[in-house]
Amino acid sequence: MQLEDYFDFQRPDDIRLKGTRVGIETILYDFIHRSRTPEEIAQSYPTINLEQVYATILYYLHNKESVSAYIADWLEHDHKMREEQRRNPSPVVVKLMKLKTEREEIKKVNESEISAR
């Protein structure tokens, strides 16, 4: 089996483990940035096995320059999307934030009443 046989190369910016929806960036982020072991990573994602984790790491090590660029692009895209969501939250998020603020206000009032007793 060739190393590439472990992956679905859907687009240049979307490489997934074959038969799953898990992108290689998910595994490699845990491995590189969170210093997790392959065993820990495999246990965290029930749809993948240890062999797939090792194949992903090996693919990264064999293609370090291109995969590092892939991860950097993914991180940049992720950051932009989070910032966009922060600036323009969906109506559901706005409602949840309002509920959270209201609960915090109620909690403050209750704490003030208790301490005043």
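Residue numbers for the sequence shown follow my numbering, beginning at 198 and rising by one.
Think of the CB as a built atom: it goes at the ideal place given N, C-alpha and C, for glycine as much as any other residue.
Note that the coordinates shown come from a computational prediction; the quantities given were computed from them, not determined experimentally.
| Query | Result |
| --- | --- |
| Glutamine 207 - containing beta strand (DSSP E), residue span | 204-208 |
| Minimum C-alpha distance to aspartate 210 - residue among Glu201, Glu308, Met198, Gly220 | Gly220 |
| Collapsed DSSP secondary structure at arginine 284 in the structure displayed | helix |
| Counted within 10 angstroms of its Cβ, other Cβ atoms place glutamine 207 as buried (16 or more) or exposed | exposed |
| Beta-carbon proximity of tyrosine 257 to leucine 293, cut-off 8 Å | no |
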